[in-house]
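Chains as they are written, first to last, in this note's numbering: chain R, 20 to 394; chain H, 20 to 394.
Here it is in structure tokens:
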């Protein structure tokens, strides 16, 4: 932590705006080097720019300020953010002296030791001039409904992200871990197919607004920029190709079950208490009685419950038995918002597609577990 | 987990009451043996009794039931409790078959494998016939305000509990870890001085009611029983003697400071962000200016803030400097409910007693940190 010649910086800004900005940029701090745990604070014209990067994602946030002297400093992001958060909602005075950041607000006066500004990584520019525009709330909802399904394993990096796949005039947003897959169709056409890293999507979901403000998206080789106005998020992309997932989605179905979504969730949650180590539950579909039995058992004991359902089946008079990982069904059901859902069970392998009734834009594919020998 | 000859048991009870009972007795399950992770369910006359023990604390809870056949079974407490919690608020049917507990409620039907009833530990009886009676809400509040100060170190078991110390017509409830001490006086006179283990107090605080229902307390050698009606909590006691703490409480004070409690809390919380590894903050008391400066510093930086206060001091015209662990001051302040508090600083060693203004029943003693060499 050596001291270096530093431009002074002097400005006044609002505690609320600075706190908000620090909360946003904090999401991209890294841990591998002390300088990556820092925020670069730059004052220029009538703005402060806060920047962070973990070398994968970088975030910049601008806020207005009365800048008396331009300059910059690099300080530990969490310390600065924790401190500003606790300050009263008043004007804050920032002042750089001998590579330390003086912060004054009301009765509080702090001095935060800075790091060398020259050690802060340079964030590469994006060369792209034709952005895709999309409403932030739509992007946020779409990413939220698929992100859980992205693989967390490092062995297959191409599925450890969310696939953005433009087709015709719309785009399919896809994630899978090979046990289940979620696909959401949106009306916006992206310029090219890309794979967004899991962590980028997670942070983006937290930062995107709930209102209809537009996000501008610029793509350039292996980088993407989300321009949200005051906040700009840049991320590397995952190199593809993404697997040709569409060929595993079944088209012919043996059985179609329409069922109350919340009732199925409630029954699965109870059943899960008795599930074994691989989270196995058995569905026994009875078309004649119009009901589904949900059965779980382990060395601890056994549970059974029953739900009424509308069942259309090509297999007349026969019970259909399928084993699922209950977590995978719940993840799908929790990302649907309709009262009723449809389980479409494919002819041979029993691959199942879950659709929310009344929303054709979302499909959830779940692979059944292989039949176990127990009971 | 061998099966043994078992009385059958058959009964109906309410989901709500059973859930409530299991939540209470779950607090005393142990981990060292599978049978200690269990609840003993006994049906007799028109009652179910749930019992658990971790060999230090044992809890019994009784609830009414329509008992068709008396009997008992031992089942894993967490599994049973998790399952009952998720069931609908309806009647539950319990039925023992071949040492498994069948549970039926609405559409749900489960079977929980039991353990051998004979392996469940026998909980010793308490031979005492003269209980101390105290309102549950008063006991709960009193224990809550001192428990944090009990030592968590195993090296001095006698201070790892709460000291119940009857003096004249009242009782002093005391806890200390030798860095700070809290003492609350209550108007009830306990029969004898005892030391209650930390964990017993923690669980007791969760179970005691917020209303004025009486608890009956029976003490017998090395055991205590809290009889709350439907729930009975038994615990071993810690062998004393408790240290003669009263001789370390100072009687003469150099300085008396009256200050706003919430303002002091807020300033300490901000200051804590810059505190060093031993949580050191410095108070500089300025009787002439009627203010206290709060200063913290570490390799990260430095913070300073200032609060107005009423200060009476024997040391005229001089600043008084004291170093504290900020956590210890906050723990005390957070257990006081008055708007203003008084810091009484003792003459030489700077031991400080904090009193809530208007509540003489609670005192909090805090030892200052030795002067550090930094700055």
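C-beta: ideal position from N, C-alpha, C; glycine also.
DSSP state of residue i mapped onto helix, strand, coil
i: residue 81 of chain H; result: strand
i: residue 161 of chain R; result: helix
i: residue 344 of chain R; result: strand
i: residue 283 of chain H; result: helix
i: residue 392 of chain H; result: At residue 392 of chain H the pLDDT is 47, less than 50, meaning the model places this residue with poor confidence and gives no usable figure here.
i: residue 261 of chain H; result: coil
i: residue 351 of chain R; result: helix
i: residue 215 of chain R; result: strand
i: residue 70 of chain H; result: strand
i: residue 222 of chain H; result: helix
i: residue 23 of chain R; result: Residue confidence for residue 23 of chain R is low, a pLDDT of 46 falling below 50, so the modelled location carries little weight; the figure read from the coordinates is stated next. Three-state result, residue 23 of chain R: coil.
Beta carbon proximity, residue i to chain H, threshold 9 Å
i: residue 321 of chain R; result: yes
i: residue 69 of chain R; result: no
i: residue 252 of chain R; result: no
i: residue 349 of chain R; result: no
i: residue 119 of chain R; result: yes
i: residue 101 of chain R; result: yes
i: residue 98 of chain R; result: yes
i: residue 289 of chain R; result: yes
i: residue 132 of chain R; result: yes
i: residue 394 of chain R; result: Bear in mind that the predicted position of residue 394 of chain R carries a pLDDT of just 40, short of 50, making it too unreliable to give a figure here.
i: residue 139 of chain R; result: no
i: residue 292 of chain R; result: yes
i: residue 225 of chain R; result: no
i: residue 318 of chain R; result: yes
Residue i at chain R interface by Cβ criterion, 9 Å
i: residue 106 of chain H; result: yes
i: residue 309 of chain H; result: no
i: residue 129 of chain H; result: yes
i: residue 23 of chain H; result: Bear in mind that a pLDDT of 46 at residue 23 of chain H, under 50, signals an unreliable position, so the model cannot answer this.
i: residue 95 of chain H; result: yes
i: residue 326 of chain H; result: yes
i: residue 86 of chain H; result: no
i: residue 363 of chain H; result: no
i: residue 285 of chain H; result: yes
i: residue 272 of chain H; result: no
i: residue 126 of chain H; result: yes
i: residue 28 of chain H; result: no
Limits of the alpha helix (DSSP H) - the one that residue i falls within
i: residue 39 of chain R; result: 34-44
Residues bridged to residue i [DSSP beta-bridge criterion]
i: residue 135 of chain R; result: Beta-bridge pairing links residue 135 of chain R to no other residue.
i: residue 120 of chain R; result: R/115, R/131
i: residue 320 of chain H; result: R/131, H/317
i: residue 86 of chain H; result: H/30
i: residue 105 of chain H; result: None, per the DSSP bridge assignment.
i: residue 296 of chain R; result: In the DSSP output, where bridge partners are listed per residue, residue 296 of chain R has none listed.
i: residue 310 of chain H; result: H/305, H/327
i: residue 184 of chain H; result: H/191
i: residue 54 of chain H; result: Paired residue(s): none; residue 54 of chain H is not in a bridge.
i: residue 148 of chain R; result: Its beta-bridge partners do not exist; DSSP assigns none.
i: residue 47 of chain H; result: In the DSSP output, where bridge partners are listed per residue, residue 47 of chain H has none listed.
Beta carbon of residue i nearer than 9 Å to that of residue j
i: residue 264 of chain H; j: residue 212 of chain H; result: no
i: residue 167 of chain R; j: residue 354 of chain R; result: yes
i: residue 196 of chain R; j: residue 170 of chain R; result: yes
i: residue 243 of chain R; j: residue 207 of chain R; result: no
i: residue 112 of chain R; j: residue 123 of chain R; result: yes
i: residue 331 of chain R; j: residue 276 of chain R; result: yes
i: residue 252 of chain H; j: residue 142 of chain H; result: no
i: residue 38 of chain R; j: residue 126 of chain R; result: no
i: residue 116 of chain R; j: residue 27 of chain R; result: yes
i: residue 348 of chain R; j: residue 373 of chain R; result: yes
i: residue 216 of chain R; j: residue 75 of chain R; result: yes
Start-to-end residues for the beta strand (DSSP E) that takes in residue i
i: residue 190 of chain R; result: 189-195
i: residue 207 of chain H; result: From DSSP, residue 207 of chain H is part of no beta strand (DSSP E); its letter is neither H nor E.
i: residue 58 of chain H; result: 57-63
i: residue 242 of chain H; result: 242-246
i: residue 279 of chain R; result: 272-279
i: residue 171 of chain R; result: Note, residue 171 of chain R: premise wrong, no beta strand (DSSP E); not H, not E.
i: residue 253 of chain R; result: 250-255
i: residue 239 of chain R; result: 233-239
i: residue 152 of chain R; result: 151-154
i: residue 365 of chain R; result: 359-365
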